[in-house]
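In our numbering, the protein residues as written are 22 to 87. Contents: one structure, followed by commentary.
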């Protein structure tokens, strides 16, 4: 149960940090490299995340019934 709470807190925390930083990151990347490269950046980020999730999967854990 403690690991689930830690994972949920981590996910919620990173989501909040991402929402806080994304306006500045988007404006900076678009200003430096243009709008097309901004979309390429986020596409590469999404692809990297999907590859990490695909290859880091663990075995399913059987639920414990109380």
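The beta-carbon is built from N, C-alpha and C at its ideal position, and this holds for glycine as well.
Could you check what DSSP says for residue i in three-state terms: helix, strand or coil?
i          : result
residue 46 : helix
residue 87 : coil
Which residue spans inside the segment 38–83 form an unbroken alpha helix (DSSP H) run of at least 4?
-> 56–76
Could you say if the segment 41–61 and the segment 71–78 meet the contact criterion of at least three C-beta pairs nearer than 8 Å?
-> no
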